[in-house]
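Enquirer:
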Amino acid sequence: MANRSFAISAGALAGGITALVLGTALALALQAKGGALRPADWAALRFTLTQAALSTLLSCLLAIPVARALARSRFFGRKALILLMGAPFLLPVIVAVLGLVSLYGRSGVLNQTLEALGLPTITIYGLHGVVLAHVFFNLPLATRMLLNGWQSIPAERFRLSQTLGMPSTFRHIELPMLWAVLPGVALAIFLVCLTSFVVALTLGGGPAATTLELAIYQALRFDFDPGHAALLAGVQFIICAVAVTLAARFTLPEGLGLGLDRAQFGQRAHWVDAPVLALAALFLLLPLVAVVADGAPALLHLPDLVWAAALRSALMAMAAALLSVTAALILVQAKVAGVAWVEGAAMLPLATSGLVLGTGLFLLTRSLASPETLALPVTVLVNALMALPFLFRLLLPQARDLHRNYDRLAQTLGLSGGARLRWLTLPRLARPLGMGAGLAAALSMGDLGVVALFAGQDQATLPLVVQRLSGAYRMDQAAAAALVLVACSFALFALCDIGGRRAAS
Amino acid sequence: MLHLDHLSLTQDGFTVSANWHLPAGSRLALLGPSGAGKSTLLMGLAGFIAPSAGRMLWQGRDLAALTPAQRPVSILFQDQNLFPHLSVSQNLGLAINPRLRLNASDLARVDSVLDRLGLQGLGARKPASLSGGQLGRAALGRVLLQARPLLLLDEPFAALGPALKADLLGLVADLAAEAGTTVILVTHDPADAHRFAGGVALVHDGVADAPVATDAIFANPPPALRDYLG
């Protein structure tokens, strides 16, 4: 039974989020009135769908042997490797791109080696570069999700298959799990790739490799054509909404914080596991090593604007995390207390993207204030909104347990309002709250989406500074600033996560 | 006196009804098979299920409009009677002040109850470090501090061994007799009813029969009880 005033507050918050997401969509629809897609827009739409499909396919296919090897192998460093699989989720996209360029770019390690061997060089720019970057980000995500699937198969089933003398456990035990889990994994990755902006901005571009998100950015920043940007953002909104609706039909597996271990798995390790895991580890580690190697020498000679941007970004990240965690906590409490519809509002941001929201807000607010004035608050708001679905999902299981186990006891004791928050809710949810705040802060710290639309020269966040330095071919400074960005992202996550764990214990 | 006046409670499509009185200070066992409606009746009395018909009156006052915290009721659930992240003393302190703003006199009351229940020196410990018997006593301590005239027990000691359960039920009986507390115990074990309660209300097929003296009901069991006892 939800407390009436709390239910009203939660309802107002959910209504506000819905109004913001749908209001920006409406603003886009009104602005785009009468426009039609141009040939270049159709090309962007095709490229968006093609790169997302290819990235999803490759990420899923490659994740199957990696997750299977992780599930059945036991070796020193296995847990570290599984933790490494979580790192790209926190890694700012611009940093990973710099790492990939350092390895596979024009003057990267790979091309230097090819040249030394007298072989033709390759280019990272274009469709294959975009797909490569997306696989770098999503192979670990898919692996973690599939690993959870493998680890959820009871060991007894494997023992039963052995006693029955079944020739293939893969066909009868593992394949059914994959059929159940893969659609959710694939749709989650497809959705992530659909809204990818920074990868396309840095590794794509040109008529042949422009995504819808990039086209929106170009329409606003370079063509000063809000109507056209609105039309493109509307198309992007429709595609995302369709993908989210499809994804909602499948149970999205939990991809974070789970699957670190299982006492017994019914399959023994195979010789092929070692090379598979070694290749996966190299694929993930080498770009990170490249960023450190490139950035460390210039770290002490960074211009002041980098440190100012780092401080600005960290403050914005903390503000976004606080906003997002507060909203998620209110909505999740309302959900477990019986106000079911608030879940729809919490998940609604998945149906849009930061850039689409940003474009809508740009259109809604441009008569009130200049984009530069609102750049930072709008970025904080959009980042908080985009993190909300993840935080809601993260908090929901433990909030449900809390409600089931202790709500009646709390009611008999008259534990309500602030006292309930202080003595029951916060201590019991401290761990997921800390982790959620860390995720929101890290995602916000590394975000280079809406701020690229709005910000002027004096309001650059750290990812924007990295991108500008890289665009100006000051690669040593870009790499050093990227290193600062990684350190800030991981430090913010660790600070919140450890804080949550300490509070919980 | 507790008066269940043509009361019906419905939860998840299942209805339990009762229409009887229980004198203040008595100890009643609600006896019956699983799924008969015993816990539903208890949850209704505690304020977690609103009546679909009829009334619940305590000393003539209708309980329906009162929240669980406002009712003259304390309850021990089957489990989760203590918050695991709070110390034993804090758990008991919540019964005095839900904001845990406790003055020296409140803290002294908590310590005195701990002493009385044989838990001296354990106030700073977390529930996870206590034995099953100590947990039961700590939960009873909370009930003692709440000092409500009606105590509901939803099989709180069911997971304990027979000797420990008998020990704790004996303790509840002593404390209730001392304070004049009315106690309603949900159980599916006839031995508990024999040991603890002066009266038994048989609950079967969604009906809680009127209470009958414990000796009398076991001496001449009605058909529903005979079926249950087998």
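Protein chains in written order, with my numbering: chain A, 1 to 505; chain B, 1001 to 1230. All residues carry an ideal CB built from backbone N, CA and C; glycine is no exception.
(1) According to DSSP, what are the bridge partners of Thr1015 of chain B?
(2) Unbroken alpha helix (DSSP H) runs of length 4 or more, entirely within the segment 1097-1170 of chain B: which are they?
(3) Return no unless some Cβ of chain B is closer than 8 Å to the Cβ of Arg408 of chain A.
(4) Determine the direct distance from the alpha carbon of Gly1054 of chain B to that of Val1016 of chain B, and round the result to whole angstroms.
(5) Indicate the three-state DSSP secondary structure (helix, strand or coil) for Ser102 of chain A in the structure shown.
(6) Return the CA-CA distance between Gly438 of chain A and Asp1106 of chain B, expressed in angstroms with no decimal places.
(7) How is Ala507 of chain A classed by DSSP in three states: helix, strand or coil?
(8) Kindly indicate if chain B contains any beta-carbon less than 8 Å away from that of Arg4 of chain A.
(9) Taking 6 Å as the limit between beta carbons, can you name the residues of its chain near Ser444 of chain A, skipping five residues before and five after?
(10) Asp497 of chain A: buried (16+ other C-beta within 10 angstroms of its C-beta) or exposed?
(11) Tell me the start and end of each unbroken alpha helix (DSSP H) in the segment 396-441 of chain A that is at least 4 residues and wholly inside, in chain order.
(12) Taking 8 Å as the CB-CB cut-off, is Phe1157 of chain B touching chain A?
(13) So is Asn1103 of chain B buried or exposed if we call it buried at 16+ other beta carbons inside 10 Å?
(14) What does DSSP give as the partner residue(s) for Gly205 of chain A in the beta ladder?
(15) At least one CB of chain B closer than 8 Å to the CB of Glu254 of chain A: is that the case?
(16) Does any C-beta atom of chain A lie closer than 8 Å to the C-beta of Asn1103 of chain B?
(17) Considering Ile1049 of chain B, what are the terminal residues of the beta strand (DSSP E) in which it resides?
(18) In chain A, which residues lie with their C-beta within 7 Å of the C-beta of Ile1075 of chain B?
(19) Residue range of the beta strand (DSSP E) that Ala32 of chain A falls in?
(20) Could you tell me which of A:Ala208, A:Gly358, A:Ala399, A:Leu424 sits nearest to Ala27 of chain A, measuring between CA atoms?
(21) Can you tell me where the alpha helix (DSSP H) with Arg1226 of chain B in it begins and where it stops?
(22) How many angstroms separate the CA atom of Phe197 of chain A from the CA atom of Leu421 of chain A?
(23) Taking Cβ to Cβ, would you say Gly1037 of chain B is nearer than 8 Å to Gly1230 of chain B?
(24) Is there at least one Cβ from chain B nearer than 8 Å to Leu415 of chain A's Cβ?
(25) In the structure shown, what three-state DSSP assignment does Trp1058 of chain B receive?
(26) Kindly identify the DSSP beta-bridge partner or partners of His1003 of chain B.
(27) List the residues of chain A that Leu1237 of chain B touches, going by C-beta distances under 9 Å, in chain order.
(28) Using a Cβ-Cβ cut-off of less than 7 Å, list which residues of the segment 1038-1059 of chain B approach chain A; keep chain order.
(29) Less than 8 Å between the C-beta atoms of Leu1022 of chain B and Pro1051 of chain B, yes or no?
(30) Are there 16 or more other CB atoms within 10 angstroms of the CB of Gly418 of chain A, so buried, or fewer, so exposed?
(31) Just to confirm, are Thr1182 of chain B and Leu1150 of chain B a CB contact at a threshold of 8 Å?
(32) Do you know whose CA, among B:Ile1049, B:Ser1034, B:Lys1165, B:Gln1070, lies nearest Leu415 of chain A's CA?
(33) Apart from the five residues just before and just after Val185 of chain A, which ones in its own chain have a Cβ nearer than 7 Å to its Cβ?
(34) Mapping the DSSP letters down to three states, classify Ser5 of chain A as helix, strand or coil.
(35) Which residues, taken in chain order from the segment 327-361 of chain A, show a beta carbon closer than 7 Å to some beta carbon of chain B?
(36) DSSP three-state label for Arg74 of chain A, please.
Expert: According to the data block:
(1) For Thr1015 of chain B, which the question treats as bridged, DSSP gives the partners B:Thr1010.
(2) List check, alpha helix (DSSP H) in window: 1104-1116, 1132-1146.
(3) Yes, because at least one Cβ of chain B sits closer than 8 Å to the Cβ of Arg408 of chain A.
(4) Distance between Val1016 of chain B and Gly1054 of chain B, taken at the CA atoms: about 12 Å.
(5) DSSP places Ser102 of chain A in helix when its eight states are reduced to three.
(6) Inter-residue distance for Gly438 of chain A and Asp1106 of chain B is about 39 Å (C-alpha atoms, whole angstroms).
(7) Past the edges of chain A, shown from 1 to 505, lies residue 507 of chain A, and the structure says nothing about it.
(8) It does not; no Cβ of chain B falls within 8 Å.
(9) Hits under 6 Å: Ala317, Ala320, Asn383.
(10) Around the beta carbon of Asp497 of chain A, 16 or more other beta carbons sit within 10 angstroms, so the residue counts as buried.
(11) For secondary structure counted as the alpha helix (DSSP H) over 4 or more consecutive residues, the segment 396-441 of chain A holds these complete runs in sequence order: 417-420.
(12) So no, Phe1157 of chain B is outside the interface.
(13) Classification for Asn1103 of chain B: exposed.
(14) Beta-bridge pairing links Gly205 of chain A to A:Ala209.
(15) At Glu254 of chain A, the pLDDT of 45 sits below 50, so the modelled position is not reliable; the number obtained from the coordinates is stated separately. It does not; no Cβ of chain B falls within 8 Å.
(16) It does not: the Cβ of Asn1103 of chain B has no partner Cβ on chain A nearer than 8 Å.
(17) Neither: Ile1049 of chain B is in no beta strand (DSSP E) and is coded neither H nor E.
(18) In chain order: Thr412.
(19) Unbroken run through Ala32 of chain A: none, as it is neither H nor E.
(20) The residue among A:Ala208, A:Gly358, A:Ala399, A:Leu424 with its C-alpha nearest the C-alpha of Ala27 of chain A is A:Gly358.
(21) 1223-1229 is the span of the alpha helix (DSSP H), which, as asked, contains Arg1226 of chain B.
(22) Each residue's Cα considered, the two are about 38 Å apart.
(23) The answer is no: Cβ separation not under 8 Å.
(24) Output row for Leu415 of chain A: interface = yes.
(25) Of the three classes helix, strand and coil, the one that applies to Trp1058 of chain B here is strand, per DSSP.
(26) His1003 of chain B pairs with B:His1021, B:Leu1057.
(27) Outside the modelled stretch of chain B, which goes from 1001 to 1230, sits residue 1237 of chain B, for which no answer is possible.
(28) So the list reads Ala1046, Phe1048, given in the order they occur along the chain.
(29) In this structure, Pro1051 of chain B does not lie closer than 8 Å to Leu1022 of chain B by Cβ.
(30) Note on Gly418 of chain A: under 16 other CB atoms within 10 angstroms of its CB, so exposed under the neighbour-count rule.
(31) The answer is yes: Cβ separation under 8 Å.
(32) Scanning B:Ile1049, B:Ser1034, B:Lys1165, B:Gln1070 for the CA closest to the CA of Leu415 of chain A turns up B:Gln1070.
(33) Closer than 7 Å at Cβ, skipping near neighbours: Cys60, Ala142, Met145, Leu146, Pro253.
(34) In this structure, Ser5 of chain A counts as helix in the three-state DSSP scheme.
(35) Residues passing the 7 Å Cβ filter: none.
(36) Arg74 of chain A falls in the coil class under three-state DSSP.
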